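Have a look at the structure below, then the notes.
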Amino acid sequence: MKFLRIILLTLCVFAGPALAKYVAVLETMSYPDAPVTPTEKLFITDELRSDALAVLKDHDYDLMSSENIREMLPPGKTIEDCEGECLVETGRNIAADYVVQGRVGRFGNELTLTVELYETATAKFLGSITCKHEIIQGLRLEMKEKTQELFSKLLPKEEPKKEARADSTSEKDINLKDVDYSYDDDDDVVITYVDEHIVPRWVTWTALTLGVAATWLGFMNNLDMENARNEYDNMGAGYSIEAFNDKWRDVEYCEKGRNILYGIGIPLLVTSIILFIFD
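The opening position of the sequence shown corresponds to residue 24 in the numbering used here, with each subsequent residue numbered one higher.
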């Protein structure tokens with residue numbers, strides 16, 4: 024039997040990821056001051072095993088029977104008076120991935136039941152439940168309400184459902200009212216932003232961009248005009264009439280370009296700012 028246990032442990036080490044996880048529900052123990060019979064403790068153990076099966080049966084878990092557990096124990100080893108780290112060691116001895124055990128005690132005039140769940144590989148305490156009642160049948164009823172949450176700790180966590188994603192339109196340009204709700208084939212909510220501005224935002228941004236560019240070019244033409252005018256004013260008697268006329272044409276050309284660019288750029292800037300504020 025010891026040789027069989029060694030073989031099973033070896034298989035679990037090398038093939039563990041590909042095999043189902045083993046869960047062992049150990050026999051329910053009781054403290055000396057708890058008046059419970061062996062039959063009642065066996066009843067609690069069987070009910071715990073039944074609750075575990077109901078939660079884990081559709082997942083990659085195998086529930087070890089009481090016969091499997093006793094056969095896998097080393098010679099002379101029992102599970103009586105064993106708790107905490109000892110429970111984990113017992114779980115390792117029987118090649119279980121998770122180990123569960125209940126303990127019945129007494130608090131005042133009531134019976135108490137504590138059920139603990141451990142992961143054997145890491146000795147990690149995964150959780151517990153505590154029940155109190157005057158009779159053993161009452162303990163069972165209260166236990167049944169709590170064991171599903173306890174054994175559910177072994178189930179894989181479901182990924183949160185992805186929320187519907189909106190398009191890349193800037194939230195600063197969209198009011199909460201500018202939203203259209205619809206549903207896709209999976210009944211997920213699809214949010215579509217609706218631009219309810221009188222003038223579409225892309226038109227406003229285009230006007231702002233062109234206004235800035237035209238105003239800047241007008242400013243540069245104004246500088247060129249002033250430079251040309253200074254050069255014209257500083258021309259002495261040694262220049263010909265043609266030179267004077269050419270320089271003056273430069274002044275007029277820069278002035279005309281400045282006026283045209285200012286005439287385009289400034290209205291576009293003012294219009295775009297008004298649209299951003301009031302539209």
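Heads up, the beta-carbon is just placed ideally off N, CA and C, and yes, glycines get one too. These numbers were taken from a predicted model, which means no experiment stands behind them.
I'd like the span of the alpha helix (DSSP H) that includes residue i, first residue to last.
i	result
M166	159 to 174
V226	224 to 256
T68	61 to 79
I266	What sits at residue 266 in the sequence shown is Ala, not Ile. First-last of the alpha helix (DSSP H) with A266: 264 to 301.
Go through its chain and collect everything with a Cβ distance to residue i's Cβ below 6 Å, but skip five positions before and after it.
i	result
I2	There is simply no residue 2 to check, as the chain begins at 24 and stops at 302 in what is shown.
F301	none
L240	L284
E168	none
T170	D74
E194	Any reading at E194 is ruled out, since the residue's pLDDT is 47, under 50, leaving its predicted position unreliable.
H220	D302
Can you name the start and end residues of the beta strand (DSSP E) that residue i belongs to?
i	result
I151	Checking the sequence, you will find Ser at residue 151 rather than Ile. Residues 147 to 156.
D85	84 to 87
G131	Run containing G131: none; DSSP gives neither H nor E here.
Y45	44 to 48
Taking the alpha-carbon positions, what's the residue i to residue j distance?
i	j	result
M87	D81	16 Å
A77	L49	17 Å
G4	T294	There is simply no residue 4 to check, as the chain begins at 24 and stops at 302 in what is shown.
P61	M52	9 Å
V138	S151	5 Å
A260	A230	48 Å
L298	L233	15 Å
L291	K180	57 Å
S238	N257	It should be noted that the sequence gives Thr, not Ser, for residue 238. When rounded, the distance between both Cα atoms is 29 Å.
A266	V226	46 Å
T153	F174	14 Å
A57	V127	7 Å
R252	V274	6 Å
G125	E90	18 Å
P55	K155	17 Å
I158	E70	16 Å
D269	V222	46 Å
I264	I296	48 Å
W228	Y262	49 Å
M166	P98	33 Å
D83	E172	18 Å
V235	G288	6 Å
N282	N250	16 Å
Please return the same chain residues whose Cβ sits closer than 8 Å to the Cβ of residue i, not counting the five positions on each side in sequence.
i	result
D85	A43, K44, Y45, V46
W20	Residue 20 cannot be examined here, being either before or after the span of the chain that is shown, 24 to 302.
L79	V46, L86, F174, L177, L178
F130	K155
Within the same chain, show all residues whose beta-carbon is closer than 7 Å to that of residue i, passing over the 5 residues directly before and after it, in chain order.
i	result
V122	A47, L49, L110, V111, T113, G114, Y141, T143
A119	Y45, V46, A47, M87, T143
L96	N116, I117
R72	V48, L86
Point to revise | Three or more C-beta pairs below 8 Å linking the segment 63 to 70 and the segment 140 to 157 | key: They do not touch, by the three-pair rule.
Review point. Three or more beta-carbon pairs under 8 Å between the segment 268 to 282 and the segment 234 to 246, yes or no?
Key: Taking 8 Å as the limit for Cβ pairs, the verdict is that the segment 234 to 246 does touch the segment 268 to 282.
Check your understanding: Three or more beta-carbon pairs under 8 Å between the segment 158 to 165 and the segment 131 to 141, yes or no?
Key -> By the Cβ criterion, the segment 158 to 165 is in contact with the segment 131 to 141, since at least three pairs of Cβ atoms, one from each stretch, lie closer than 8 Å.
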